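Colleague:
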Amino acid sequence: CTSDLTQIPISQATTATFYTQTNDFLQASNAIYNDLRGYPDRQLNLSETRSDNLYAVSDGGVRDWEGINSFHKTIASNPYVSDAWSANYNGVYRANVLLDQLAKNGKVITDQSLKTRLEAEAKFLRAFFYFDLVRWFGKVPVIDKPATANEVLSIPRSPVEDVYKLIISDLQFANTNLPETYAAADKGRPTKFAAKAALALVYMTRSGKTYDIEGPGVGANEWGNALTLLNEIIASGKFSLQSSYTSVFSYTNENSAEVIFDIQYQTGLSPVVGGTFPWVLVPDTWFQSQGKAVQGGLTIRPVSTDLLNAYDAKDTRKAFTIQSGYVYNGVAETRSFFKKYVDLTKVPTNRVDWPINFIVFRYADMLMLKAECILRGASGTQADVDAIVNQLRTRAGLAATTNVTLTQLLKERRLEFAAEGSRWHDLVRFGVVDTVIPAWITAEDVQKVMQPFQKNYILYPVPQTELDVKQGLYVQNAGY
Amino acid sequence: VVTTSENGEPLPGVNVVQKGSSTGAVTDAKGAYTLKLNNAGNAVLTFSFIGYVTQEIPVKNQSVINSKLEPDTKSLSEVVVIGYGTAKKADVTGAVASFNAKTIDQRPILRVDQALVGQMAGVQVKQTSGALGKGFSIQVRGTGSITAGNEPLYVIDGFPLATARPNGSGNFATGNPLDNINPNDIESIQVLKDAAAAAIYGSRAANGVVLITTKRGQSGRPKVTLNTFTGYMERSRKLDMLSADEWVDRATEMINAQWVASAPNRTASQTNEQRRVILGLPVGQVNTTYMTDDRWAQPGHPGLRYLDWQDEAFRKGLTQNHQLSASGGNEFVKYYVSGNYVRQEGMVINTDYTAYSARANVEVNASKKLKLGLNIAPTYSVNNDPGVEGKDNILHQMVSFTPVQEDTMGVYPNVGNNGQYRWSVSPNSPIGKLQNTIGETKRFRTLTSTYADYQIIPGLNFRTTINLDNTDNASKSYTPYSVAGSYQTRLAQLTTLTSGSFSTYRKRTFVNENTLTYGKVFAEKHDVTLLAGLSYNSDKIESASLSSNGGYSSNAITTLNAANGVTGNTSEARNVLISYFGRVQYSYASKYLLSASIRRDGSSRFGANTRWGVFPSASVGWRVSEEAFMKAIPVVNDLKLRASWGTSGNYNIGDYSTIPTLGTYNYTFNGVAAVGQAPAGVTNPDLGWENSRTFDVGFDVSVLNNRISAAFDVYNKLNTNLLLNVPLPGATGFASYLSNAGSVRNTGWEIELNTRNTTGALKWNTSLNFSHNANKVVALAGGQDQILIPSSFDISHSILKIGQPLYSIYVVKQIGILSQQDIDNKAALYGSETVGDPKYFDANGDGVIDANDRVIVGRPTPKYMWGITNTLRYKGFDLTVLVQGQNGGSIYSLLGRALGRTGQGFTDNALGFYRDRWRSPSDPGAGVVGKAYSTFGRIKNTDWLYSSDYVRVRNITLGYDLGSLMKTKFVQGARIYVTAENFFGFDKYKGGFNPEASNTDLSGSSSYPEPGDYGGLPLPRSLVFGLNVTF
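Chains A and B are the protein sequences, given in the same order.
Yeah, the first sequence ends on 486 if you go by the working numbering, and it's all consecutive.
Yeah, the second sequence ends on 1094 if you go by the working numbering, and it's all consecutive.
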């Protein structure tokens, strides 16, 4: 009976029989997408919360976002920070495994175009994860195939240029090989235009100021490269602005013509594939005041006075994006918070199962990025810039303007993309984070709970757990 | 006729055997026996009876042989159970601790593990929960494994039960091996502590082996015993929290401070009305951050109720236990049957435990050579616990609940149609939850062993056993909407807020063991016993869980048929262990003793290349007292030197840890589910056994007519090839993988001392055990010198570091309160600290306080443990007092942190130490706790470090033997008693109720299980009256 000693799992699938048919490869690909699901929360916690859009000082200073908002030096163990590292690398790993298996066993996929598409999707996603990593951490180890523990333990943080090299080559492959459109069942997968959008943003990020730190800006002058890609998206004619701002974020208008790439969620499925980002910045007591169950945003992360004051009174975006005060149980909350993604009629029974998609690249952003490239010296005219900005101002109910400068463009971006997680990245790319943030702290932090800003805080620290795995393998970012 | 030497009374049940043969008899009620002898001229009769010195009388052709047996308090001829057999205690060469369980039924014990507290040196029995029916945690000689569990193997009547390890929260999620085992059925317990004694159990013996023997029938007329007790149980202590008035004082101070800090020109003297106007709030609205409740300051605080939540939730609960048993037998059949009923009401309202258990142990002598036996013990228990212990559960919420509430809501704030007091925390009333939530666990367990023993030739026996342990467990939970969500939510959603679940598991352990034993004495001096065996062991678990989705359609039905939606799943897992084992025991003239064993185990949990492990052991003993030169020293009755070496293993990992599995990671495209699968982790196909090697040296001594006897042991246990979750760089895609890496050493010594202090009319016996254990990490994976244990709550607070104890507590040291002078002197600060905030030790001297200033400040395991039992007998009275304690360990209390953290808001109630907080430079308080209103945040520091030292009078029992009063034909004995458990004690744990509590997963990582206290109940204090009658 010693044969009984060979037991195989009863309730778990094993890798031994996987990657043997086309469907296995599709499932392996879907698993990479699964790692996108934390992306929106990450942008809200690490970009929006760190920026001047939120004065997210918490009562007693005890929330995990406190250190992010208030520039604490001691955030190497912050869960938001460690998640940014581990979740992206888990995605990289799954992409690497699929690419490796496609090379080894991909011959079982008889549909050649599907095989190429799966490879291009995996590369798009791998680049997507690495781009997220390089923006948060600067130098990160580049791993482009499934690697053993010992191999990874000998790979230090690679120079930022090496990280970008992999990102650009992956996105170029994706740009060449991804389809322009998908059938309805595959909506949500990246198209050729999603690859162009990502690559344009990569070029622009690289072209940002270096601040004498190691990434994400490397001072490359690639505004022209970016503009070419953005113009290809615009010229494709496949995308357009929605007539109203609110309809862009409507639960019933997903996959609209304004969406170039989004992260998709649905409610009521098992395992859960819904989202949590709609309530990440929303205080629990507001949901309760509306007769809804506690969601998990805990206490309020107030919108900064600076942002509240930045809106023109006629701006229709403000009321949609921001909730100003409420009363719960006779207790008044006078501060404001972002509720952009919350539709109270769509609150799911399970709080982690919200159905709304998170738009990563939207057409309005492509237009604004184009304007930015032009103002940075790529080909184009001031009239082109003004026309773009006025398109969005008009949609928001504002009067047209002329001679838009970079400073004004940044402000327009702030209002258009508030609560979408782009503010911190924008401040860094525009080269003004080291002036805007200190001034804002001085003006707004009357409670004097924020720590002074340093340029090193443009990057986050390498998570403490990563430093602890092997002493000396990774060197911590300066300033931490 | 056999009588006792004490008073000449007849002794029934004495075994009389012709030495070297299988001929024997048992004395009857009058102590009489008859025996037909072969070769009567040379025969020697052996008279043996538990508790008496065995006597040998040569027959010499006499036809009547009367024997007078000497009572033996420290019986050297006592037969003790060892793995796969028995041995004379005098011949045992390993480190074995014995617990004579015969007195269990003279004390109100409801679990076997409860009886072991404080009884044996080197055996730490932790009562980690005050909830009913929960398993204790037992550690033998410290903790040697980081991941693979430290609980011993339990063997009941030769049946090795499936090992269980507590989950990250410290609970036995799929049952503890001692669940539903009725302690009143236990005859004796042996703990095999060193590898030499335990190695016969090979791969499961690294944490020690607990051998439990249940009662059997003795030949003679039926003996019927009734044990019954009843009494009450209540909390043994209360947690010192702020009273309602003190809470108001702290809240007022904080609200004023928040108001003043919020903007220029705001002062504490501004009234609430002035503040409302400044804030621009309409009449009737308040801002609780900046405004107090006017009623706090009014005499008699009209409309408010000042509460002590602990007093509302705790109670005195009734406890009762009734057992009836019968035993007896003749030359063909011996039997023991019992039935037991126990019902306990918990110390917290609406918690209770009921159990019914039965046992039948029957042995049949089918022929002179063949014995057949059956032990069967079905049990059924029902436990009601709505979820009292653990983070955010009822106890935690009860102690931190705002002690000031609207009078109109009674003890039910935020329940049903009640809203929430504006200055209160937001959970539903803990009393409401206790009264309305269902948390019911029903367990049906049957433990069955059947065996056949066949004598092939005299001395050579073949024994086969088939054992089955089957547990069927069903748990039901139900939380009605009346105690869920907030008032507004309840109004809007009603029963869609109701939730419920139902989950079951079936756990089955099947064991077949076959052994050959051969025992013979050659030339009267060479006593040899040989054992060879093989065993097949399979564990299977099947579980199912269902839970409601989207609420219920009814507010009257608690089962899931009323749920609006149901989700569920099932899963199964199985493992198989196959073993071969053998042992040689040799004794020369009972003077020189030798024992050696070997076991080869194969487990399905390991990969094909590493499946088998071999676990040898050897031990020697020298009974010095048998030497001629020692006979000259009559003061020494017995002296035995022992030395042992052995290895054993640990295989307590998941069933399929060497097999790479796929996880399900779905996504959705355009609203439709897209199934995703990817490798779930990094697996190591060459994962092998965790190895434990122990050296042990000891001696047993007995002097002054056996009035003082002692056992002493020193040991050194090295665990290597630990089944350790080795941290990986995140760039691999994963956080860790299971590997054989690292080692941990436990060293220590143990003393057990038994003395008969007085032997006259007043008999006073003392039994003392004292042990010391130290463990340290010797090596970690590949060149690492430390692993920081992740924490679910903020940064790490414990560490595995080479040279330091396992899970050393690693936090920043608080060294006082910051004064203005400190600030002026540029004292190191954490973040935006100001005057009145805590002052921390800048360990690395870089001028700021941060995570790099953490230092090791304590170890979670005690250095010294001890227990002392004094028994006094005078005439019919008996008095037993058990005192037990430990020293040298620490607790890092997350409950303490929850109730007394820097920056803690005013709504929560806070620990009593806030009474003496810093209030101003001129009123700095006790210098321990900083100001109430502090905004710098928090860092893991020594505020929440407590000593785990305690001294506890576990048990005081006073009994009276009614035997002399009611001497009738029917009643053989009767005793009444009263017992007080946990009435007196002392500990230093001010941040929780029980220094040994564990109920919450502190690390949040299955790689480094770190159960800790986040709201554990106090130990129950009980006063019980009992009666034992034997017919």
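Cβ atoms here follow ideal geometry from the backbone N, Cα and C, with glycine treated the same way.
From a predicted model like this one, the values you see are computed outputs, not experimental measurements.
Going along the chain, which residues of its own chain have a beta-carbon closer than 7 Å to the beta-carbon of A/T252, five neighbours each way excluded?
Modeller: On the first sequence, position 246 is the one that residue 252 of chain A refers to. Correct list, in chain order: F326.
Colleague: I'd like the span of the beta strand (DSSP E) that includes A/I328, first residue to last.
Modeller: By 1-based counting over the first sequence, the position of residue 328 of chain A is 322. Taken as a continuous stretch (DSSP letters only), the beta strand (DSSP E) holding A/I328 covers I328 to Y334.
Colleague: Return the Cβ separation of B/H835 and B/Y955 in integer angstroms, given the expectation that the two are a contact with Cβ distance under 8 Å.
Modeller: Numbered from 1 along the second sequence, position 772 holds the residue referred to as residue 835 of chain B. Numbered from 1 along the second sequence, position 892 holds the residue referred to as residue 955 of chain B. The beta-carbon distance between B/H835 and B/Y955, rounded to whole angstroms, is 22 Å. This is too long to meet the 8 Å contact definition.
Colleague: Between the stretch 559-570 of chain B and the stretch 535-545 of chain B, do three or more beta carbon pairs fall short of 8 Å?
Modeller: Touching, yes, given that three or more Cβ pairs across the two stretches are closer than 8 Å.
Colleague: Consult DSSP for A/L235 and reduce its assignment to one of helix, strand or coil.
Modeller: Counting from 1 along the first sequence, the entry for residue 235 of chain A is found at position 229. A/L235: helix per DSSP, three-state reduction.
Colleague: Taking C-beta to C-beta, are B/I912 and B/A891 nearer than 7 Å?
Modeller: By one-based count along the second sequence, residue 912 of chain B stands at place 849. By one-based count along the second sequence, residue 891 of chain B stands at place 828. Against a cut-off of 7 Å, the Cβ pair of B/A891 and B/I912 comes out as a contact.
Colleague: Is B/G930 helix, strand or coil when you go by DSSP?
Modeller: By one-based count along the second sequence, residue 930 of chain B stands at place 867. Looking at B/G930 - three-state DSSP - the assignment turns out to be strand.
Colleague: Label B/P215 either buried or exposed according to how many other C-beta atoms from any shown protein chain fall within 10 Å of its C-beta, with 16 as the threshold for buried.
Modeller: Along the second sequence, read from residue 1 onward, the residue named residue 215 of chain B stands at position 152. With 16 or more other Cβ atoms within 10 Å, it is buried.
Colleague: Taking the straight line between their C-alpha atoms, what separation do you get for B/D535 and A/T351?
Modeller: Your numbering for residue 535 of chain B matches position 472 in the second sequence. Your numbering for residue 351 of chain A matches position 345 in the first sequence. Distance between the alpha carbons of B/D535 and A/T351: 43 Å.
Colleague: Going by the DSSP bridge assignment, what does B/V1014 pair with across the sheet?
Modeller: By 1-based counting over the second sequence, the position of residue 1014 of chain B is 951. According to DSSP, B/V1014 bridges with B/G948 and B/F1049.
Colleague: Looking only at its chain, what residues have a beta carbon closer than 6 Å to the beta carbon of B/N1045, apart from the 5 residues adjacent to it on each side?
Modeller: Taking the second sequence and counting its residues from 1, one reaches residue 1045 of chain B at position 982. So the qualifying residues of the chain are S299, L1082 and R1084.
Colleague: Which whole-angstrom value is the C-beta distance of B/K570 and B/I604, which I expect to be below 8 Å?
Modeller: As a first step, residue 570 of chain B must be located in the second sequence, where it is residue number 507. As a first step, residue 604 of chain B must be located in the second sequence, where it is residue number 541. Yes, they are in contact, since the Cβ atoms of B/K570 and B/I604 sit about 5 Å apart, within 8 Å.
Colleague: Judging by CA-CA distance, which residue of A/Y257, A/L412, A/N409 and A/R419 is the nearest neighbour of A/A493?
Modeller: In the structure displayed, chain A extends from 7 to 486; residue 493 of chain A sits before or after that span and is not available.
Colleague: Kindly list the residues whose CB is nearer than 8 Å to the CB of B/G522, restricted to its own chain and excluding five residues on each side of it in sequence; keep chain order.
Modeller: Against the second sequence, residue 522 of chain B aligns to sequence position 459. Here the set comprises Y581, G582 and K583.
Colleague: Can you tell me whether A/S246 is helix, strand or coil according to DSSP?
Modeller: Your numbering for residue 246 of chain A matches position 240 in the first sequence. When DSSP states are grouped into helix, strand and coil, A/S246 belongs to the coil group.
Colleague: Consult DSSP for B/D91 and reduce its assignment to one of helix, strand or coil.
Modeller: Reading the second sequence from its first residue, position 28 is the one you call residue 91 of chain B. Of the three classes helix, strand and coil, the one that applies to B/D91 here is coil, per DSSP.
Colleague: Run down chain E in chain order and give the residues with a C-beta less than 8 Å from the C-beta of B/T731.
Modeller: Among the protein chains in the structure shown, which are A and B, there is no chain E.
Colleague: Whose C-beta lies closer than 8 Å to the C-beta of A/L32 among residues of the same chain, with five residues either side of it excluded?
Modeller: Start at 1 with the first residue of the first sequence, and residue 32 of chain A comes out as number 26. So the qualifying residues of the chain are L124.
Colleague: Please report whether the beta-carbon of B/A555 lies at a distance below 7 Å from any beta-carbon of chain A.
Modeller: Looking up residue 555 of chain B in the second sequence gives position 492. Interface residue, yes.
Colleague: Beta strand (DSSP E) containing A/K6: first to last residue?
Modeller: No information on residue 6 of chain A is available, as it lies outside the stretch 7 to 486 that chain A covers here.
Colleague: Could you tell me the distance, in whole angstroms, from the CA atom of B/N319 to the CA atom of B/L367?
Modeller: Along the second sequence, one-based indexing puts residue 319 of chain B at 256. Along the second sequence, one-based indexing puts residue 367 of chain B at 304. Between the alpha carbons of B/N319 and B/L367 lies a distance of about 21 Å.
Colleague: Could you pull the start and end residues of the beta strand (DSSP E) that B/G148 belongs to?
Modeller: Position 85 of the second sequence, counting from 1, holds the residue named residue 148 of chain B. Residues G148 to K151.
Colleague: Counting only runs of 4+ residues fully inside the stretch 298-327 of chain A, write out the alpha helix (DSSP H) ranges in chain order.
Modeller: 311-316 and 322-327
Colleague: I need the boundaries of the alpha helix (DSSP H) containing A/S92, first residue and last residue.
Modeller: Position 86 of the first sequence, counted from the start, is the residue given in the question as residue 92 of chain A. P85 to N111 is the extent of the alpha helix (DSSP H) around A/S92.
Colleague: Identify which residue in B/A973, B/A1060 and B/A164 has its Cα closest to the Cα of B/V488.
Modeller: Working through the second sequence from its first residue, we reach residue 488 of chain B at position 425. Selected option, being the one with the closest Cα: B/A973.
Colleague: Who are the neighbours of B/F999 on chain A, taking C-beta pairs under 7 Å?
Modeller: Indexing the second sequence from 1 puts residue 999 of chain B at position 936. Neighbours of B/F999 on chain A, chain order: G67.
Colleague: Name the residues in the stretch 329-359 of chain A whose C-beta lies less than 9 Å from a C-beta of chain B; which are they?
Modeller: V333, Y334, N335, G336, V337, A338, E339, T340, T355 and N356
Colleague: Is the stretch 309-326 of chain A close to the stretch 418-438 of chain A, with three or more CB pairs under 8 Å?
Modeller: In short, these stretches touch, since the Cβ pair count reaches three.
Colleague: By Cβ distance below 6 Å, which residues in the same chain neighbour B/S390 in space, the five residues on each side in sequence not counted?
Modeller: The sequence position of residue 390 of chain B within the second sequence is 327, counting from 1. Excluding sequence neighbours, B/S390 sits near G280, K286 and Y399.
Colleague: Since B/V738 meets chain A, which of its residues come closer than 7 Å, beta carbon to beta carbon?
Modeller: Reading the second sequence from its first residue, position 675 is the one you call residue 738 of chain B. Under the 7 Å cutoff, chain A gives Q33 and N36.
Colleague: When the Cα atoms are used, what is the spatial distance from A/D390 to A/E228?
Modeller: Residue numbering aside, residue 390 of chain A sits at position 384 when the first sequence is read from its first letter. Residue numbering aside, residue 228 of chain A sits at position 222 when the first sequence is read from its first letter. Using only the alpha carbons, I get a separation of about 19 Å.
Colleague: Under 7 Å, Cβ to Cβ, is there at least one residue of chain B near A/V455?
Modeller: Position 449 of the first sequence holds residue 455 of chain A. Answer yes: the Cβ-Cβ gap between A/V455 and chain B drops below 7 Å somewhere.
Colleague: Determine the chain B residues that contact A/S1 at a beta-carbon separation under 7 Å, and present them in chain order.
Modeller: This structure cannot settle anything about residue 1 of chain A, because the visible part of chain A is limited to 7 through 486.
Colleague: B/Y1023: which of B/G1036, B/R1015, B/S1011 and B/V1014 sits nearest, CA to CA?
Modeller: Within the second sequence, residue 1023 of chain B is the residue found at index 960, counting from 1. Minimum Cα distance to B/Y1023 is reached at B/G1036.
Colleague: By how many angstroms is the C-alpha of B/S306 removed from the C-alpha of B/G734?
Modeller: Sequence index remark: in the second sequence, residue 734 of chain B carries index 671 (1-based). Sequence index remark: in the second sequence, residue 306 of chain B carries index 243 (1-based). Cα to Cα, B/G734 sits roughly 54 Å from B/S306.
Colleague: On the CB-based measure, 16 or more other CB atoms within 10 Å of its CB, does B/R284 come out buried or exposed?
Modeller: Sequence index remark: in the second sequence, residue 284 of chain B carries index 221 (1-based). Counting Cβ neighbours within 10 Å, B/R284 comes out exposed, since fewer than 16 surround it.
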